[in-house]
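These notes are about the structure you will find just below.
Number of protein chains: 2
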Amino acid sequence: MGEWIQNQIEVMASDLEIELKSVVHSIFTFTADPSFLKNDIRVKPDLDSLGALGDTGWYCIRSILWAANYELPKTVTALREPIFNESGVILACGSSFQWEDGKVATFQGSFLSNLTMDLTVIGTEGTLHINDFIIPFEELSATFSTASRSGFTDLVTAWNPRPSDHIVMTDLPQEVRMVRQFASLVRSIKESGAKPDNTWPTISRKTQLVLDAVKASIEKGFEPVEVVS
Amino acid sequence: MGEWIQNQIEVMASDLEIELKSVVHSIFTFTADPSFLKNDIRVKPDLDSLGALGDTGWYCIRSILWAANYELPKTVTALREPIFNESGVILACGSSFQWEDGKVATFQGSFLSNLTMDLTVIGTEGTLHINDFIIPFEELSATFSTASRSGFTDLVTAWNPRPSDHIVMTDLPQEVRMVRQFASLVRSIKESGAKPDNTWPTISRKTQLVLDAVKASIEKGFEPVEVVS
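Those protein sequences? They're chains A and B, same order as listed. Here UniProt numbering is used: position 1 in the first sequence is 1, and no number is missing along the way. Here UniProt numbering is used: position 175 in the second sequence is 175, and no number is missing along the way.
Printed below as a string of structure tokens:
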């Protein structure tokens, strides 16, 4: 998810006083073709042995941490019946996450289901939906919907207020913005003597910690695993 | 979810050759007001003691069974950290379901989060999203989106094809259609000597069986529970 859309969503959530923190669900699936399922490094136990967890699950976990202000969950409990290939690499899996404050999240990731990228965040007072949170439907725009204090009409036959859709434009694609950001961080170290920015490695490390806990929970027969930073 | 929209979605899924069966997620949450949380029969242990599971969970389970052609899951494993009130009635909970053929589903239901009604069904070749599956956003229309064999543009900077939105109109609201259907079933028994139609009680009983299994899983410390018909 590009920073430009993240920023826009954060401003919107703040405007609507949405507390983005009760229930989160994230999905990333795609149908890998037979050649991928046979040859790709992501399905080889001696290469990227984390399979669909390391690929699709990474994005889901990262999006959930974003919704949780990067606060690590207390425990991670993998969902039962992940699918493995004949070498024991994960082709589909999921997990639930539990935080100290009662917040919960789930994700589902798979190489075996049609391309889908959903992030749903439900707080006490609002809901956020985004259905293209990794690669946007269109290169120079991204869409999401928000709802605030949703309810029904008097006769409970329709919603009032209804959720509203938002489109955010960008002049540069997210990949260009990422490279630009990286170059700018390098330049500020080389030319201005700045220290390395810890934002990105911190987020990556937290994502990896949660991902490793999901793997451990699968290996322990779907028992809850504590996330220790 | 009204039958009129169910029928339309089933026709659409069949046209697109979507196999609606790999990964399903359903959410129904609403923010109950303080009076509901104190006085409603749904939060009283000696009245509707199933709480948010019996209310919001019922709709989620029913929608998941619809997506699974009413085939019962093999096992049900409740998600950890449900929220209870001081009388021990569930205010928020969730579960995962596992079928023999590798299909999986999850749901989340709650009295404590903003009104949200999502059903997401992902098959090998297509995806269905509906965000108002219980009460439609508007009384005389309902919306859903479908995607079939989704993929990316050559440079993986956008989707091709994109999901498409659909609006289904109805001349009568779903509540009127339900009463009309019920009256028609009664009339065919009274006037034409027909036998009772088993469709609706069969679906209700299956929903209750799964719901009871979720309750049992919560009581057994989130262990998997077999669903026996």
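Quick reminder that beta carbons are idealized off the backbone N, C-alpha and C, glycines included.
Give the single residue among the options whose Cα lies nearest to the Cα of residue i.
i	options	result
W66 of chain B	B:L37, B:Q6, B:T127 and B:I41	B:Q6
S113 of chain A	A:L91, A:N198, A:V24 and A:L47	A:L91
C29 of chain A	B:D101, B:S96 and B:R149	Note on identity: in this sequence residue 29 of chain A is Thr, with Cys being the wrong assignment. Closest by alpha carbon: B:R149.
E100 of chain B	A:I83, A:I27 and A:E100	A:I83
F182 of chain A	A:D171, A:T120, A:T199 and A:T170	A:T199
R62 of chain A	A:H25, A:T170 and A:D40	A:H25
V43 of chain B	B:E86, B:K74, B:A78 and B:A68	B:E86
S204 of chain A	A:S49, A:K38 and A:Y59	A:Y59
E175 of chain A	A:I134, A:T157 and A:V121	A:I134
L140 of chain B	B:S95, B:T170 and B:D48	B:T170
F222 of chain B	B:T75, B:D48 and B:S49	B:T75
T120 of chain B	B:A216, B:S217 and B:A68	B:A68
L155 of chain A	B:P224, B:T202 and B:E138	B:E138
residue 255 of chain B	B:P224, B:S95 and B:H129	Since the displayed chain B opens at 1 and closes at 229, residue 255 of chain B lies outside it and no answer follows.
DSSP three-state label for residue i, please.
i	result
D55 of chain A	helix
S26 of chain B	strand
W159 of chain A	strand
V104 of chain A	strand
S217 of chain A	helix
F137 of chain B	coil
F182 of chain A	helix
A78 of chain A	strand
V210 of chain B	helix
F84 of chain B	strand
F97 of chain A	strand
V43 of chain B	helix
V176 of chain A	helix
E226 of chain B	strand
E10 of chain A	helix
T170 of chain B	coil
P204 of chain B	As written in the sequence, residue 204 of chain B is Ser, which differs from the Pro given in the question. Correct three-state label for S204 of chain B: helix.
L65 of chain A	helix
E191 of chain A	helix
T199 of chain B	helix
S49 of chain B	coil
P73 of chain A	coil
List the DSSP bridge partners of residue i.
i	result
D165 of chain B	B:S145
S110 of chain A	A:T29 and A:A92
F130 of chain B	Per the sequence shown, the amino acid found at residue 130 of chain B is Ile instead of Phe. Looking at the DSSP assignment, I130 of chain B forms a beta bridge with B:L119.
F152 of chain A	A:W159
Counting only the same chain and skipping the five closest in sequence on each side, list residues whose C-beta sits under 7 Å from that of residue i.
i	result
N160 of chain A	G151, F152 and T153
G57 of chain A	C93, F107, G109, L211 and V214
M178 of chain B	none
S164 of chain A	S145 and T146
L16 of chain B	Low confidence applies here, because L16 of chain B scores a pLDDT of 48, under 50, leaving its location unreliable; read the following figure in that light. Contacts found: G126, T146 and S148.
I64 of chain A	V24, S26, F97, A105 and F107
P196 of chain B	I189
Could you name the residues of the same chain whose beta carbon sits closer than 8 Å to that of residue i, not counting the 5 residues immediately before and after it, in chain order?
i	result
S229 of chain A	L72, K206 and L209
G88 of chain A	P45
L115 of chain A	T29, F30 and T31
R180 of chain B	L172
T202 of chain B	Y70
L79 of chain A	C93, G94, S95, S96, T106, Q108 and F222
L37 of chain A	V43, N85, L91 and F111
Going by beta carbon distance, what residues of the same chain come within less than 6 Å of residue i, once the five residues before and after it are set aside?
i	result
N131 of chain A	D118
A194 of chain B	S188
F111 of chain B	A32, A52 and L91
E226 of chain A	T75
L47 of chain A	I41
G54 of chain B	D48
N39 of chain B	none
P224 of chain B	T75 and T77
So residue i and residue j are supposed to be a Cβ contact under 8 Å. How far apart are they, rounded?
i	j	result
E81 of chain B	V104 of chain A	6 Å
residue 266 of chain B	S217 of chain B	Because chain B in this structure spans residues 1 to 229, residue 266 of chain B falls outside the shown range and cannot be described.
Starting from residue i, find everything on chain E with Cβ-Cβ shorter than 7 Å and list it in chain order.
i	result
G151 of chain B	Absence of chain E from the displayed structure is noted, the protein chains being A and B.
Is residue i near the ligand NAP - that is, is its Cβ less than 7 Å away from at least one heavy atom of it?
i	result
E81 of chain B	Inclusion of the ligand NAP in the displayed structure is not the case, the ligand content being empty and no account of it being possible.
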